[in-house]
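Shown next, in structure tokens, is the structure this report addresses.
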Amino acid sequence: MKESPQRRELEEVLRSSKLVAYGFMGMDTRHLSEIIDNDLAEVSRAGYTLEQLAGRMQEITDQAATRFGGWVEINENLRARVVEAKGRLVCPWPHPGRFNKRVTMVEHLKTGETISWSDLNIHMISEHGFFEGKGSAFRLEPEELFQMIF
Ligand SMILES: [Zn+2]
Numbered sequence: 000m001k002e003s004p005q006r007r008e009l010e011e012v013l014r015s016s017k018l019v020a021y022g023f024m025g026m027d028t029r030h031l032s033e034i035i036d037n038d039l040a041e042v043s044r045a046g047y048t049l050e051q052l053a054g055r056m057q058e059i060t061d062q063a064a065t066r067f068g069g070w071v072e073i074n075e076n077l078r079a080r081v082v083e084a085k086g087r088l089v090c091p092w093p094h095p096g097r098f099n100k101r102v103t104m105v106e107h108l109k110t111g112e113t114i115s116w117s118d119l120n121i122h123m124i125s126e127h128g129f130f131e132g133k134g135s136a137f138r139l140e141p142e143e144l145f146q147m148i149f
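Take 0 as the starting number for the sequence shown in numbering that gives the first Met the number 0 and just add one per residue.
In structure tokens:
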């Protein structure tokens, strides 16, 4: 992806802490396009698409959301719960997009590992290929995601 003035402006927004504590970029000093390209390469190398990944995340969130705040068994290895908070998160990309401020927590029953994502994470992965910068509160590592949810 090439650097355009709009993209630079978007990067400013993503780095600012106005939207979420520490912004979406965390401590990551790479350009937005580099972060997106690197993560996308990792996704492709593992043989997945962003759609598959986001689709699976959405499926888990939908299953977990059937029981308010309680753990729901997803399969023999995974359980998940959805925690709702008041308010909405706005997608930083320039298009209308507001998402419930809810977080899905997934736990691997054998390893005890956990991973969490917001509805906005799912949207940013599927629509913008953005997993957030390293060090941001909701950065998701593609590799950890695959191992957990597939
Ligand atoms: Zn968006």
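No residue lacks a Cβ here, since even glycine has one placed at the ideal position from N, Cα and C.
Taking MET123 as the centre and dropping the five residues before and after it, the same chain places the C-beta of PHE129 closer than 6 Å to its C-beta, in chain order.
Cβ neighbours of THR48 within its own chain (closer than 8 Å, five residues either side excluded): VAL42. If you look at PHE145, you'll find it isn't in any beta strand (DSSP E); it sits in the alpha helix (DSSP H) that goes 141 to 148. By the criterion of a C-beta distance shorter than 7 Å, ARG87 is surrounded in its chain by ARG97, PHE98, ASN99 and LYS100, once the five residues flanking it on both sides are discounted. The segment 25 to 42 makes no contact with the segment 59 to 71: fewer than 3 CB pairs, one atom from each, lie closer than 8 Å. The beta strand (DSSP E) runs of length 3 or more contained entirely in the segment 101 to 138 are, from start to end of the chain, 113 to 117. The beta carbon of LEU139 lies closer than 8 Å to those of ILE114, TRP116, ASN120, ILE124, PHE130 and GLU131 in the same chain, with the five residues before and after it left out. For the options ALA79, ALA136 and ALA53, the alpha carbon positioned closest to that of LEU39 is the one of ALA53. The residues GLN5 and LEU9, in chain order, have a CB closer than 8 Å to that of PRO93 in the same chain once the five nearest residues on each side in sequence are set aside. For LEU144 against PRO91, the beta-carbon gap comes to about 21 Å, at or over 8 Å, which does not count as contact. Under DSSP, no beta-bridge partner is assigned to ALA84. Taking 8 Å as the cut-off, the Cβ atoms of LYS133 and GLY22 do not count as close.
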